[in-house]
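In the numbering used here, the protein residues as written are 232 to 547.
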């Protein structure tokens, strides 16, 4: 990500320098977008995450939100710090260019898989199938990343020298950088298909489904499709672009995916808490009717069951 492959960097130093400068700007912009989004949603995050009971999805949210930020800062450091030793450069390469992607992608996909399981009200077949798919994808990512990390090597700077870190790897390792996205793309295709199916089913159903289910469907379709498009683009770019731009879109991919996934959880929690507050206010009203009143009782719709499932999985 922050560090660029150098198969042919000795042959076109001027072109390579221009490419690395442009790639650096993309990496820096990704970090700024991530930090900016945290700042503008900090009030929501404090209210909906930090001030609420901590559950499994809370930890997933924090990992998704702040791991990518920390990684992007290290990414930028590797570009601008001219005092890094070869060993430090290689360590940063392995972290930001190899292991950051599988860690971030696994966290994001876990959150998205949970969302889809909620949509299907924890149907046993859906939960088992998606869990197996996620596990398989994670194992393949780990294996590919382990192979790729062994292929990395520190590259001495060019003449004239460039500040920051450069690294080299084999042609086979560069092919792995494209293949490493395939398992995640398969997972995203399945999640997108299931979300679209549930959305169409919802649109054909009752109009009385609660707003939280609408939030799940709206954000799910939008975010899943965007994340899928980013992954496909990254896989294509790694196999097509020249050395200076190899890996340039990895940080934007991780940053945008992290922002979208965080927004999805915040929007869902906000909708659920707003709904609960409204219900509490209704029940506290002196004009409340008995529990058996038809206009107060909840219907056993798929939206209701999805909301109950959402609460069970820790989104409340």
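Note that CB positions come from ideal geometry on N, CA and C, so glycine has one too.
Remember, predicted model here, so these are calculated numbers, not experimental data.
Taking residue 416 and residue 459 to be in contact with their CB atoms under 8 Å, please state how far apart those CB atoms are, rounded to whole angstroms.
About 7 Å; that satisfies the 8 Å criterion.
Contact under 7 Å by Cβ, residue 338 with residue 295
Pairing residue 338 with residue 295 gives a Cβ-Cβ distance under 7 Å.
Span of the alpha helix (DSSP H) holding residue 298?
That run of the alpha helix (DSSP H) goes 287–311.
Using the Cβ count rule (16 or more neighbours within 10 Å means buried), how would you classify residue 251?
Using a 10 angstroms sphere on the CB of residue 251, the tally of other CB atoms reaches 16 or more, which defines it as buried.
Taking the Cβ atom as the reference point for each residue, do residue 376 and residue 414 lie within a distance shorter than 7 Å?
With a cutoff of 7 Å on beta-carbon distance, residue 376 and residue 414 are scored as not near each other.
Are at least three pairs of beta-carbons, each pair with one atom in the segment 482–492 and one in the segment 254–274, less than 8 Å apart?
The segment 482–492 vs the segment 254–274: in contact.
By the DSSP assignment, the alpha helix (DSSP H) with residue 331 in it spans what residues?
First-last of the alpha helix (DSSP H) with residue 331: 331–350.
With a 10 Å radius around its C-beta and 16 neighbouring C-beta atoms as the bar for buried, classify residue 249 as buried or exposed.
Label assigned to residue 249: exposed.
Distance CB(residue 273)-CB(residue 329) smaller than 7 Å
Taking 7 Å as the Cβ cut-off, residue 273 and residue 329 do not qualify as a contacting pair.
Is there contact here, the segment 495–502 with the segment 298–310, by at least three beta-carbon pairs under 8 Å?
Judged by Cβ distances under 8 Å, the segment 495–502 makes no contact with the segment 298–310, as fewer than three pairs qualify.
Whole angstroms are fine: how far does the CA of residue 505 sit from the CA of residue 284?
Answer to the nearest angstrom: the Cα atoms are 16 Å apart.
Does DSSP put residue 315 in a helix, a strand or coil?
The DSSP-derived three-state label of residue 315 is coil.
Three-state secondary structure (DSSP) at residue 480?
DSSP places residue 480 in coil when its eight states are reduced to three.
Taking C-beta to C-beta, are residue 361 and residue 374 nearer than 7 Å?
In this structure, the beta-carbon distance from residue 361 to residue 374 does not fall below 7 Å.
Helix, strand or coil: how does DSSP classify residue 283 here?
In the three-state DSSP reduction, residue 283 falls in the coil class, being neither helix nor strand.
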